[in-house]
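In the numbering used here, the protein residues as written are 1352 to 2510.
Ideal Cβ placement from N, Cα and C applies to all residues, glycine included.
This structure is a prediction, so every number in the text was calculated from the model and none was measured.
Heads up: the structure comes next, in structure tokens.
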Amino acid sequence: MYLKALEIYGFKSFANKVKLPLKPGITCIVGPNGCGKSNVVDSLKWCIGEMSWKSLRMPSMMDVIFAGTTKRQALNMGEVAMTFDNTSRKLPLDFSEVTVTRKIYRSEESEYFINKVQCRLKDIREMFLDTGIGTDGYAIIDQGEVEYVLSTTSEQRRELFEEAAGVSKYKAKREEAGRKLEKVDIDLNRLADSMVLLDEQIKKLDNEAKKARLQAKYREELTGAEISLLLKDGSAFAARSAEAAARLEPVKKELAETAVAITSLEGEIAALNLTLTQKAEEQRLLKEAVTAVKIDKNQAEGRVVSGQEMLVEISGQREQLAVSERRNFEKLAAAEPRIAELNAKLSSDEGGLPALQSEYDAAAAALAAAGSEMRAAEEAAENIAREMNAAYSQEVEISNSIARMGSDIGHYTEAKAGIARDIEEINSGVAAVEALIAELQARSSSLSAELAAENEKAAAAETQAKAFAARLEQIDVRQAEIREKKAWDQSRLQAILAQGEHDTYWVGINGVLNSGVAGVRGTLRHLLSIRKEDRVAVDDALGRFLDSVVCETAASAQEAIDYLKHLGKGRCRFLILDRAPAAPAQEGWSVPGAQRIMDKISSEPRYLPLVAGLLSGVYSAGGSVHGPFWVTGGVDEVVSNEPYWEEEGDLKERIKKLDEELGALETEKVSLLPQLDVSRAAADTAEEKAYALNIEFHKNGTEFAGAADSLRVKRESLALTLADSDKNEAALKDSESALAELNARQAEVRAASEAKKAEQAALGERKDSLHQDFAGRSSELGSRKANLDNYRQNIEALRGELARAEGDMAALNEEKSHFAERRTELASREARLNEDVAAADARRVELMHDLAEKEVIDRSMEDELGEMRGNLSRMNANLRDSRDVSSENDRIRYQIETELATISARAEETAKRLADEWNISPEEAQVKYGDIEADHERVKFLRKRIESMGAVNMTAPEEYEALTARYNFMNSQVEDLNRAKADLRSAINKINDTTRENFKATFDKVRTYFKEIYSLLFNGGEADLILTLPENLLETGVEILAHPPGKKLMSITQLSGGEKALTALALLFSFFRVSPSPFCVMDEADAPLDEANVERYVRLIKEFSTTTQFIVITHNKRTMEAADTLYGVTMEELGISKLISVDLKRAAGMATQETPVGA
């Protein structure tokens, strides 16, 4: 399995869609800083599920979308797709090719796909579990994070081992099982609480069901009585309806007669209205005619006045025309001499234009000749410059080759010296290892004894701490139980107190007890001591006196009564001590088994006379209580609707006892906590010492075991180093030979370049001379062109002025020809206006005569209309009288009909009540309940009995059955949950066993490979991995020990940057050897390494590239040389990354094929 392709679009700086085809082996990504190389790594992390925007080096997750540049708009979506070759089926999908895609939108929505099928992020993460790929895996090494495995805690470092061991999926399953187990515990607690409440509700519903059946019997009798009464009401409504119908008939007859009279009057009034309307229309038409005549007269008068005004205006226009004729004559006289003057000047100036034109043409021809000669010189200079540039490029290329060859020779020389130093260090290291083995053996015996002593101390302290912790846990459990009971009692107390607020006597008693009235001692109930088993008997014997307030004197009782009246609420019974009779002599009892109620009570002596007086002659026998003239008895269990009288004191006493027990437990808890802390501190101290000694012991053992391996590794390293020395010597000789050839070629190219420089200088002098001549001729041509242009502009100005003068003269002549026409027109208009004024005056006189005749006719018609309107008023008065009579009859009819409707509505309401309340029709009710004799007194009695029973839960029997079924169902659920809990614990134990086995096996393998690879990278030295808690493989951390060659054993935090990088790489490659990841991405992991260590790093990558695909981002040339494929990241357009690829294997093959042709 390997990464086959990566597609990026809209992610960070990749604005355009980019596809990176990838192959097994080593792929390098190179480019300058800031061009977007690390964005490729970020896209891989993001695609496989990275959710931390800080890890992606962005201020928020939305910022991974391309944000735009000065030339490009921002995109609305970012997308990355990774395609894997899955022919090995390492991914748990039955596809030979798997594509994982992630998209993000600016609307903050994200989408995930596997082979273009939408999925969840959880599905992607689960698919990559135990492959090394993932946000917490070791497949992707970010820039600057190669040392992460060293800087993390030992517990965080364990996660890498879990990924390599393939137990990540087991860990995820174990965590999921733990969450389910917690949920099961919560469900069990919830069900236990619910079952307690249900049990209480079932007990309560049993009594309510009995009460509900009794009330149902009363309601059934009440239903029959109420229906019988409704049937009687229906019969009464039918009789009243018949009587009202008889009264309605004569009223309807009189209404019909009145309607006929009203209709006759309305007809006469309508005929008169029609005649009146016709006369009014005739009068309207006459008035319109009078108005029209008046308008015509006014218009005629207006035309006379307007004509006279127009005649005055024409006279003024004739005077203005004479003034205009005089001005026109004066302007014509001045225009003719000016035109003659302009024609003479124009003829003179046009004669000098040809001479100036010929001078300009000669200067232009000379300039063109100089330009041709100058361009020829410039072309020759450009040819020389191109030849110089070619020679310079060749010289630069040779110089670069010489520099590279010199650099290679330097590298080979340094490598040669380094190899010599390595050989010397390996030889000297053997003696140091032998001395170290003897020292480590002695130290191991001493550490073993100290470790055993500290473990014994830790075990003793831990045992004591567990005992304290167990007691504290018992205290916490008991405190929780007490708080629960207290909360229940407080809730019950609040409920009964709230219920008591509706009882007038309860409110009165509490008001008196809290009033502070002198002489008030409290209620009799609270002044007596009664055993629990005797409470029912004492309650029956004392009755309401049990909750009466005891006062010293009658004055105290009256003061309390006045106080309640002042408050305006509450009522109270009082028992007065100073009026209590003396205690009577004890009676003898003839009833077998009888016991005085007085013997069941104890109190202070001063209250005994009062109690004895109240209980005189009262005794209990056989569960009943007998008085002088009364007796009570029945079941022993009593349920009260007024629990606040009996329960308040008991609840307050229980709450007080619970508070006392809670305080005692809290005191014990406070005293135990310091002792627990002391024990835990002692255990922690002993464990820390044991842990430190354990680490030292394992370090010592590791060093001892590693010392023997060290000599073998050093000898193998010596063999490899000698082989590298031979290769380095051969490469050094080849490079020196190639350098000599390059120096000879450089000398030849420099000689040719010097000759071209001399030729270029001569051409430069010639070109400068021609430029100066061309500039002088250009200046002269410009001067002549300016003179010619000025002369032409002056001629054009004269021509324009002459054209304007001729145009003005033509306009004046045209104006002169119009003056005669204007005079004729004014005379004609004057004659027409005089005729119009005369005709308008004659029309005005005629209209005045017509207006006088029409006004006389209008007055006559007004008198006739007045007489007709008087007749209409009298007829309307008669019509109103008839309508008043009709309205009165209508009112009477409406009253009777309303009465009928009311009777009908009540009858319908009766039928509706039967249907709605009892779901029965009147006919069925008559058949079923018609024979029942009932009266309102019986109905009231039944209602009062039902009301006195109070609120009754009529669904209590059904609720009782439902709650019982629910209780049984919950009980079965508890059993199912307990079985599920056992199954989950069993699954967790199996997962833990598998995790321990796999983790230990993987740790041992990684440890072995880590030692080998560390010695290989450091040319010696020692390293080891140890477990912080070897006895607890599920939670143990992993510590790293590193001992570079030639240095004392030190903490990994004291290593240099390069040493840390090599140590981290040794551990990472150990993971790859145990559990190879399909691919590995390293972002500038070689940055802290020197040249020699880069060589070792490259050798390791080449070795592991057969099993793992490497994608390496680097600036190092040595790393680039190892690549099979090279990708370059550039920014041709600022802010937008672009990829360029080179297949180095293919390029090398092509170069090998082309070599014979070149030879």
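Item, Value
"Check whether the Cβ atoms of residue 2478 and residue 1378 sit closer than 8 Å, and answer yes or no.", "yes"
"Along the chain, where does the beta strand (DSSP E) containing residue 1972 start, and where does it finish?", "1970-1972"
"Find out if the Cβ-Cβ distance for the pair residue 1961, residue 1949 is shorter than 8 Å.", "no"
"Based on Cα-Cα distance, which residue from 2029, 1443, 1490 lies nearest to residue 1478?", "1443"
"Nearest CA to the CA of residue 1372: which residue from 1364, 1365, 1359?", "1359"
"Quick one, are the C-beta atoms of residue 1491 and residue 1451 less than 8 Å apart?", "no"
"What do you get for residue 2245, buried or exposed, if any count of 16 or more other CB atoms within 10 angstroms of its CB means buried?", "exposed"
"From the DSSP output, in three-state form, read off residue 1877 for me.", "helix"
"Could you compute how far the alpha carbon of residue 1992 sits from the alpha carbon of residue 2316?", "Residue placement at residue 1992 is poorly supported in this model, since its pLDDT is 46, which falls under 50; the coordinates are not used for a value here."
"Assess contact between the stretch 2431-2449 and the stretch 1363-1371, defined as three or more Cβ pairs (one per stretch) separated by less than 8 Å. Is contact present?", "no"
"Could you check the C-alpha separation between residue 1899 and residue 2270 for me, to the nearest Å?", "50 Å"
"What residue from 2034, 2147, 1971 has the CA that sits closest to residue 1885's CA?", "1971"
"Going by Cα to Cα distance, which pick from 1357, 1627, 1547 is closest to residue 2222?", "1627"
"Would residue 2376 and residue 2358 qualify as a contact pair, given that the criterion is a beta-carbon distance under 8 Å?", "yes"
"Closest to residue 2230 by C-alpha separation, out of 1469, 1538, 1616, 1393, would be which residue?", "1616"
"In the DSSP assignment, what residue or residues form a beta bridge with residue 2377?", "2390"
"Can at least three beta-carbon pairs, one atom from the stretch 2180-2196 and one from the stretch 1649-1660, be found at a separation below 8 Å?", "yes"
"By DSSP, does residue 1371 sit in helix, in strand, or in coil?", "strand"
"Under a Cβ-count criterion, where at least 16 other Cβ atoms within 10 Å of its own Cβ denotes burial, should residue 2051 be classed as buried or exposed?", "buried"
"Helix or strand or just coil, what does DSSP make of residue 2474?", "coil"
"My output table needs one value for residue 1378: the three-state DSSP class, helix, strand or coil.", "strand"
"Assign residue 2342 to one of two classes, buried (16 or more other C-beta atoms within 10 Å of its C-beta) or exposed (fewer than that).", "buried"
"Tell me which residues share the same chain as residue 2462 and place their Cβ nearer than 6 Å to its Cβ, disregarding the 5 neighbours each side in the sequence.", "1378, 2432"
"Please check the pair residue 2422 and residue 1489, which I expect to be a contact at CB under 8 Å, by giving their CB distance rounded to whole angstroms.", "5 Å"
"Quick check: residue 2384 and residue 2361, are their CB atoms within less than 8 Å of each other?", "no"
"Assign residue 1423 to one of three DSSP states: helix, strand, or coil.", "coil"
"Cβ of residue 2318 within 8 Å of Cβ of residue 1511?", "no"
"Shortest alpha-carbon distance to residue 1710 belongs to which of 2330, 1925, 2132?", "2132"
"Just how far apart, CA to CA, sit residue 1556 and residue 1539?", "25 Å"
"Of the residues 1563, 1599, 1956, 1619, which one's Cα is nearest the Cα of residue 2224?", "1619"
"By Cβ distance below 8 Å, which residues in the same chain neighbour residue 2272 in space, the five residues on each side in sequence not counted?", "2262, 2265, 2266"
"So residue 1858 packs on residue 1921, CB below 8 Å; how close in whole Å?", "4 Å"
"I'd like to check one pair, residue 1746 with residue 2143: are the Cβ atoms closer than 8 Å?", "no"
"For residue 1359, does the three-state DSSP call read helix, strand or coil?", "strand"
"Determine whether the beta carbon atoms of residue 2303 and residue 1562 lie at a separation below 8 Å.", "yes"
"Count the C-beta pairs between the stretch 1896-1913 and the stretch 1862-1870 that are closer than 8 Å, then say yes if the count reaches three, no if not.", "yes"
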